[in-house]
Structures are given as C-alpha cells and as structure tokens.
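**Q** One structure follows; several queries about it will come next.
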Amino acid sequence: MSKSSSACGRLRGIFKRSTSFRPPAAATATKKRGTLEKMVSRFKKCSESSSFRSRYDIYAITVKRLIKYNRLPMINEILDHQKNFPDMTNETFTAHLIYLYGKAGMFDDARKLFDEMPDLKCPRTVFSFNALLSACINARRFDEIKKLLADFRSELGITFDVVSYSIAINGFCKMGDLVSAEMVFDEMIKSDVEPNLITFNTLLNGFYLNGKFADGERIWSRMVEMNVVPDVRSYNAKLHALALDNRMKEAIELVEEMRDTGLELDVFSFNALIRGFINGEDLEEAKQWYGEMRRHGCEPNRVTFQFLIPFLCEKGDVGFAVEICEEIFDKKWHARAEVLQLVVNRLVMEAKIQDAEKLVKDGQKHKYELLMP
C-alpha cells in the first residue's frame, strides 16, 4: 500500500464513531473538536507526500467536513500549510486552493493567496483568475464581481475567456442583477468570445426563474441564432417558468417538443410538471405525471415528495400517499420526516389507526422518527 493510500485511510478512519450511546452535548463538542484537530494534524503530515497533494478530492472532502462544523481557522491552517511545498509554483494547484477558500466563504483569504502568487513564483493567468472569480461567487461576495472584472483586466492584462464571462454572468444572476448579467453577455459577444451552452443556460435560468419569461424567450432566440443546441437543462428552465405561471398547456407542448428532439425528461422536468399541476389544484394530472416519472425509470427526489405528498393528504388521497411512503422505504429514497409525518397524521384523522401504526413502525425501521399523534 502506498503512503498516500495509507494516509487517506487514516483520514477516513478518524471519522468512524460509535452510535451506541449519546454523550452529553459538552462532551460531544469536546470530542468533535479533538477529532477535527487530529484530522488537521494528519492532513498536514500527509501533505508531505507529493502523491497525496495530487488528490484534489481529498482536499475538497476535508474542507467540506470543516465547513460543516464551521472550523474556518482550521481550513486556513491546512490550506496555508501548502505554501511549504513546491506545488505552490503550479498554477493548477494554487488555483484549486483559491477555489476551496471560496467554498468555505473565505473570499478575503482567496484574494490574499491570489495576490501572493507572484511571490510564490506561481504564474497568474485567466485560469487562476477564474478560480478567484468562482471563489467570490461561492462566498456570495457579489459586490466584488464588477471590481474584479475591472481591476484585473487593467492591472494584469488578463484576457477573459468563456469561463470567465460565464462565471460573472452566473454571479449577477444569483444576485438578481439581470441587467448586469446581460451587459456582461453583450461585452462577451463584442470581445469575440463565443458563449457556450453553459453561458446560455445560466442566462435562461436567470430570466425564466425570475419571472422574466419574455426576456428568457429573447435569450433562447439568440441561442438558436448562434447555433447552440438547447439541452434538457435549457428546456427545464422554460418548463419551470411555464409551470410557475400556470401555463400547463404550453408546458405539455414543450414536453412534446423535447421528446421530438430526442431529449429525455429528468427528475427536474417531472418535478416542474407535478408542481405546476399542484399549483392548479389538479390532483389527477399530478398523479399521472408522477406515474409517468416512475414508468420512465426516473427516480423522484426530496422535492418531488415535498410537494406531492402534502397535496395528496390535503386532497384526501392518503392511500396513494401511503403507497409512495412504502416505495420510499423499499427503494431507500430520501424524504423529509416532516413530510412523511403528514401521512401518519392524515391516517389518524381518518381513523385508520392500524395503517398509521404500521407506517410509523416501517418508518422507524428506516431511521425516520415518525410518531403517532
């Protein structure tokens, strides 16, 4: 076994824990802190291995774990420690660290590392700039986007690529500034940078899902004019907009268009249709499209259950709700316990006590804390 594999094994091993009892909260917090400190120490030791440093997935998993427990100083400790190694002269490696700072919401640290790259003898190109721009958006520092775009073009002479523009457009869409998003898109065209499908899908989601249907259609037309072929994500954005606006006849026509082009509906497509019919109080159509989803082998997700199960209970179709619950348990799908509890409550309301008790028992077998009301 290589040193890197052994190190990875040790890092995974420190997260294994007994669930046979629940210690007091203070003791649990102390134990968790000790576990995380041990993880950080081992991570820094493992970083001495060049093969370990090539495992970006381990870096991402470790940072994600520390984010979960809000250990930002520990994140800075392990990422800053990487400056001890020659990999810091590699732009790909350093850009990855910048990106991870952003995932942790630590944009100032990401910017600091980017500024230090010349001192670390690491080149700065559009690649590391894109990592910094992503860090800015992941950290939700939307106010910094325009400044970054202006400063680094003039200071570093960086020529933005399709990734740069697409990231910036995504940031403006997330902050709801669709005017700026389209301005960046127009600048992109003027700079002879061809937008790709990701660029267009970002804009389509921004406009369609913010109630700007006409603007979404305008962007769709530009996409077609530029010979960019829409995919299922493009159609889903429009489908969601139609469903939210109760334009279900047009939504069904769009589904037919998708199928005519050879596209398969995914869980997001079906969820949009189901939600649209729920908004229109159409129980039978909502059930029909759930059945269509299952017949096509598409696995529902939490969002499916979050909307459909309460609607079934509200409309008195608790039998179908129970069937879905049983399938959730059988297929080991994920649903919120509060949603399943609604079915138990409805069964009791209808005096179906035995059915309610069975559902509670089955749920508890699958780690759902369901209770009889």
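Numbering-wise (UniProt numbering), the sequence shown opens with residue 1 and increments by one. From the three backbone atoms N, C-alpha and C, an ideal C-beta is built for every residue, glycine too.
(1) For Leu120 versus Leu97, is the C-beta spacing smaller than 8 Å?
(2) Mind checking Lys238: buried by the 16 CB within 10 Å criterion, or exposed?
(3) Under three-state DSSP, which class holds Lys119?
(4) Less than 8 Å between the C-beta atoms of Val343 and Val318, yes or no?
(5) Is the beta carbon of Ala104 less than 8 Å from the beta carbon of Ile67?
(6) Which whole-angstrom value is the C-beta distance of Ala131 and Leu149, which I expect to be below 8 Å?
(7) What span of residues does the alpha helix (DSSP H) with Asn201 cover, start to end?
(8) Count the other CB atoms within 10 Å of the CB of Lys287; is the residue buried (16 or more) or exposed (fewer)?
(9) Is Glu327 helix, strand or coil by DSSP?
(10) Could you tell me the boundaries of the alpha helix (DSSP H) in which Gly102 lies?
(11) Where does the unbroken alpha helix (DSSP H) through Thr261 begin, and where does it stop?
(12) For Ile353, count neighbouring Cβ atoms within 10 angstroms of its own Cβ and tell me buried if that reaches 16, exposed if not.
(13) Please report how far the alpha carbon of Ile274 lies from the alpha carbon of Lys147, in whole angstroms.
(14) Report the residue from Lys361, Ile58, Gly171, Asn70 whose alpha carbon sits nearest the alpha carbon of Arg33.
(15) For Phe152 versus Gly171, is the C-beta spacing smaller than 8 Å?
(16) Give, in chain order, every unbroken run of the alpha helix (DSSP H) that is at least 4 residues long and sits entirely within the UniProt repeat "PPR" (266-300).
(17) Can you find the residues in the same chain that come closer than 8 Å, C-beta to C-beta, to Glu194, ignoring five residues on each side of it along the sequence?
(18) Between the region 290-301 and the region 249-259, are three or more C-beta pairs nearer than 8 Å?
(19) Mind reading off the beta-carbon distance from Pro373 to Val348? Whole number of angstroms is fine, and I expect it under 8 Å.
(20) I'd like to know whether the C-beta atoms of Leu100 and Leu72 end up nearer to each other than 8 Å.
(21) So Ala251 and Tyr208 are in contact, right, with Cβ under 8 Å, and what is the actual spacing, rounded?
(22) Taking the alpha-carbon of Phe200 as reference, which of Ser180, Val339, Val229 has the nearest alpha-carbon?
(23) Mapping the DSSP letters down to three states, classify Ala26 as helix, strand or coil.
(24) When you compare the CB positions of Arg111 and Leu156, do they come within less than 8 Å of one another, or not?
(25) Out of Glu338, Phe93, Arg346, Phe320, state which residue places its alpha-carbon closest to the alpha-carbon of Glu284.
(26) According to DSSP, simplified to helix, strand and coil, what is Glu194?
(27) Only counting the same chain, and skipping five residues up and downstream in sequence, which positions put a Cβ closer than 6 Å to that of Glu217?
(28) Looking at the secondary structure, which residues open and close the alpha helix (DSSP H) in which residue 380 lies?
(29) Helix, strand or coil for Thr159 per DSSP?
(30) Return the Cβ separation of Leu263 and Lys212 in integer angstroms, given the expectation that the two are a contact with Cβ distance under 8 Å.
**A** Quick answer:
(1) no
(2) Buried, since its Cβ has 16 or more Cβ neighbours within 10 Å.
(3) Before going further, note that residue 119 is Asp rather than Lys in the sequence given. In the structure shown, Asp119 sits in coil (DSSP, three-state: anything other than H, G, I, E or B).
(4) In this structure, Val318 lies closer than 8 Å to Val343 by Cβ.
(5) yes
(6) Wrong, their Cβ atoms sit about 15 Å apart, outside the cutoff.
(7) 197-208
(8) buried
(9) Three-state DSSP puts Glu327 in a helix.
(10) 91-103
(11) Run containing Thr261: none; DSSP gives neither H nor E here.
(12) exposed
(13) 42 Å
(14) Asn70
(15) no
(16) Entirely contained in the UniProt repeat "PPR" (266-300), the alpha helix (DSSP H) runs reaching 4 residues are, in chain order, 267-279, 283-295.
(17) Excluding five sequence positions before and after Glu194, the CB atoms of its chain that fall closer than 8 Å to its own CB belong to Val162, Met226, given in chain order.
(18) no
(19) 5 Å
(20) no
(21) Ala251 to Tyr208, Cβ: 12 Å. No contact.
(22) Val229
(23) Residue confidence is low: Ala26 scores 48 on pLDDT, short of 50, so the model does not pin down where it sits. No coordinate-derived value is stated.
(24) no
(25) Phe320
(26) In the three-state reduction of the DSSP assignment, Glu194 falls in the coil class.
(27) none
(28) No answer is possible for residue 380: the residues shown for the chain start at 1 and end at 373.
(29) coil
(30) The beta-carbon distance between Leu263 and Lys212, rounded to whole angstroms, is 24 Å. This is too long to meet the 8 Å contact definition.
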